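Those protein sequences? They're chains A and B, same order as listed. Residue numbers for the first sequence follow UniProt numbering, so the first one is 1 and each next one is one higher. Residue numbers for the second sequence follow UniProt numbering, so the first one is 1 and each next one is one higher. The beta-carbon is built from N, C-alpha and C at its ideal position, and this holds for glycine as well. As the structure is a prediction and not an experimental result, all values here were calculated from the model. Each remark here refers to the structure printed beneath this line.
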Amino acid sequence: MDVLTDNFSLYGEGFLGTVELTVYSSALALALGFVMASFRVAPVGSLRVLGTVWVTVLRNTPLTLLFFAVLLGLPRFGLVLPFQLFAVLALGCYTSAFICEVLRSGINTVPTGQGEAARTLGMSFGQTLGNVVLPQAFRSVIPPIGSTLIALAKNSAIAGAFSVTELLGTYRTLNELGYSIIWTFIWIAVGYLIITLTISALFHVMEKRWGVAR
Amino acid sequence: MTHSAPTPTALYDIPGPQARKRHLVYGIVSTALILALVGWIVYLLFDTDQFTAEKWRPFQYKGIQELLLRGLGNTLKAFAYAAVLSLALGAVLAVGRLSVHRPVRWVSTLLVEFFRAMPVLVMIFFIFVALKVQALPALVAGLTLYNGSVLAEVFRTGINSVDRGQREAAYALGMRKTQVTTFVLAPQAVRAMLPTIISQLVVALKDTSLGYLITYEEFLHAGKLIASNLDYGLPFIPVVMVISPIYIGLCMLLSWFATWVARRQRRSPKTEAVGVAPAEPGKLLPGGQ
């Protein structure tokens, strides 16, 4: 029990590290995923190929390998950035492939007739997309995006093992200080539960407000 | 029709001659941009001396090839154990969640929810550090707990998706609950869920690389040993270039297998309900007197 009270600042630092990593990586994953999804439904062939290759490769890459390549490989390449930024890059790119597929299936759930009707009304491509298709797609993808981001939060633990300041990483210091390992891990587990449950609650509220009633 | 998008979408019409011309221009411009990006990366690789003979020499040595092969073997070994054990655990937990006894149901629900909410790596580290288990069993146990819980939910949805009538018919024939589950519901559930089950196994295969973080001597670990060798000028990038295609290829093979099974199932008449001709008026049973 006293592991937490004695090392509150250390735990707090790790907890904030995980939260930061999750927030930044989520932003990157959502933005990149949106770009890749729009590439995959674009009428231009080469963009579709790029999107498909991006998704296929990243979905089949072990995240540890990606972290290895980005955190240890890129510096050899002459690119030196803070470790946390590298971690955000790896996590964000990896998750963007999953976000892309979720968004694409969301766009596919919108009936073709909706777009046809919009065009018949004389709407431009931008209007069709922005006013008719995307709002409906957005409503149907809230739950799967939520679970993808929860997976991202859990995956951020790998960054800790690559010595980015993060919740799981705190165990190393506490272990050296000689605290009970079991309790150390219990509080780490609680930290992760707080983060994942918060995301899940957030998306639950969003789904209640905007989700599709089925 | 040759130039339309692969599937009809709500986003745009089948392009006419003018739109097709415009799309061609976009296509050429974006292809040029992509090629420029690839070219820049290749230039950077050459510029930072990633293709010097020194950095690629290690892959010619027999010892290093054997080291990589042993690593790959260890990866596949961990995957095999984890796959078999997670399927078993998934079956047990699914049966637990479907049990008629309330405490059993509660305990299995709690276990499933907890193991799904925890990062796999935290569980692996806990087993490795706190319980002081060897690297391979720790890795396999962590993967089993996580994937087993996910698979339990897959099995449960599969069993619940079997038509009610199947269960009722089986009970009407005098089968016990265990018999109904094992002989009627489970086979149909597994068949329906096979693509999802294989996709989950891809996750397990990908996650075996977490073993690297607890110094299990798997494929990535072997790569790291070569990459951090000063004698070869720290060949990190060459190692990544050799290892990634193999990892990605393995996972893609398994993913492709999952989609292949799914596509085959959609065509197979066995997975669809067998249509029975309705009884004609005046006859008691179809085909009867």
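Per-residue burial, A/Trp210 [other beta carbons within 10 Å of its own, 16 or more giving buried]:
Along the first sequence, one-based indexing puts residue 210 of chain A at 210. The residue is exposed, with fewer than 16 neighbouring Cβ atoms inside 10 Å.
Establish whether the CB of B/Pro15 and some CB of chain A are separated by less than 8 Å.
Indexing the second sequence from 1 puts residue 15 of chain B at position 15. It does: the Cβ of B/Pro15 has a partner Cβ on chain A nearer than 8 Å.
Alpha carbon to alpha carbon, what distance is there between B/Asp49 and A/Leu81?
The residue you call residue 81 of chain A lines up with position 81 of the first sequence. The residue you call residue 49 of chain B lines up with position 49 of the second sequence. Spanning the two alpha carbons is a distance of roughly 20 Å.
Could you tell me if B/Glu218 is buried or exposed, where buried requires 16 or more neighbouring beta carbons within 10 angstroms of its beta carbon?
Looking up residue 218 of chain B in the second sequence gives position 218. It counts as buried.
Could you check whether the Cβ of B/Ile248 sits closer than 8 Å to any Cβ belonging to chain A?
Taking the first residue of the second sequence as 1, we reach residue 248 of chain B at position 248. Answer yes: the Cβ-Cβ gap between B/Ile248 and chain A drops below 8 Å somewhere.
Please state whether the Cβ-Cβ distance between B/Ala82 and B/Thr144 is less than 8 Å.
On the second sequence, residue 82 of chain B is found 82 positions in, with the first residue counted as 1. On the second sequence, residue 144 of chain B is found 144 positions in, with the first residue counted as 1. Closer than 8 Å, so yes.
Note down, one range per segment and in chain order, each alpha helix (DSSP H) of at least 4 residues found wholly within the segment 207-233 of chain B.
219-227
Where does A/Tyr11 fall in DSSP's three states?
For the purposes of this step, residue 11 of chain A is identified with residue 11 of the first sequence, where counting begins at 1. DSSP places A/Tyr11 in helix when its eight states are reduced to three.
Quick check on B/Leu213 - is its C-beta less than 8 Å from some C-beta in chain A?
Counting from 1 along the second sequence, the entry for residue 213 of chain B is found at position 213. Answer yes: the Cβ-Cβ gap between B/Leu213 and chain A drops below 8 Å somewhere.
So is B/Asn160 buried or exposed if we call it buried at 16+ other beta carbons inside 10 Å?
Mapped onto the second sequence, residue 160 of chain B falls at position 160. Classification of B/Asn160: exposed, given that the 10 Å Cβ count is below 16.
Assuming residue 359 of chain B is part of the alpha helix (DSSP H), what are its boundary residues?
No information on residue 359 of chain B is available, as it lies outside the stretch 1 to 289 that chain B covers here.
What would DSSP say about B/Ser99, mapped onto helix, strand or coil?
To locate residue 99 of chain B, count along the second sequence from 1; it is residue 99. B/Ser99: coil per DSSP, three-state reduction.
Which one of B/Ala204, B/Gln166, B/Tyr43 has the shortest CA to CA distance from A/Phe78?
In the first sequence, the residue the question calls residue 78 of chain A occupies position 78. Just to set this straight, residue 78 of chain A is Gly in the shown sequence, not Phe. Nearest C-alpha to A/Gly78: B/Tyr43.
Minimum C-alpha distance to B/Ala169 - residue among B/Phe59, B/Val129, B/Leu185, B/Val104
For the purposes of this step, residue 169 of chain B is taken as the residue at position 169 of the second sequence. Closest by alpha carbon: B/Leu185.
Is it the case that the segment 85-98 of chain B contacts the segment 215-234 of chain B, given that we only count it when at least three CB pairs across the two stretches are under 8 Å?
no
Taking contact to mean 3 or more Cβ pairs, one atom from each stretch, closer than 8 Å, check whether the segment 157-165 of chain A and the segment 132-144 of chain A are in contact.
no
From A/Val49 to A/Arg104, what does the alpha carbon distance come to, in whole angstroms?
Against the first sequence, residue 49 of chain A aligns to sequence position 49. Against the first sequence, residue 104 of chain A aligns to sequence position 104. The straight-line gap from Cα to Cα measures roughly 15 Å.
N-terminal and C-terminal residue of the alpha helix (DSSP H) that B/Pro238 is part of
What you label residue 238 of chain B is simply residue 238 of the second sequence in a count that begins at 1. That run of the alpha helix (DSSP H) goes 236-267.
Considering only the beta carbon of each residue, do B/Ala189 and B/Phe155 sit closer than 8 Å?
Within the second sequence, numbered from 1, the residue matching residue 189 of chain B stands at position 189. Within the second sequence, numbered from 1, the residue matching residue 155 of chain B stands at position 155. Their beta carbons are under 8 Å apart, which means B/Ala189 touches B/Phe155 by this criterion.
For a contact defined as C-beta to C-beta under 9 Å, what are the partners of B/Phe51 on chain A?
One-based indexing of the second sequence puts residue 51 of chain B at position 51. Residues of chain A passing the Cβ test: none, with the nearest at roughly 13 Å.
Would you check if there are 3 or more beta carbon pairs closer than 8 Å linking the segment 110-124 of chain A to the segment 40-56 of chain A?
no
Give me, in chain order, the residues of the same chain whose beta-carbon lies closer than 8 Å to that of B/Pro195; leave out the 5 immediate sequence neighbours on both sides.
As a first step, residue 195 of chain B is located in the second sequence; it is residue number 195 there, counting from the start. Answer for B/Pro195: Ala258, Thr259, Val261, Ala262, Gln265, listed in chain order.
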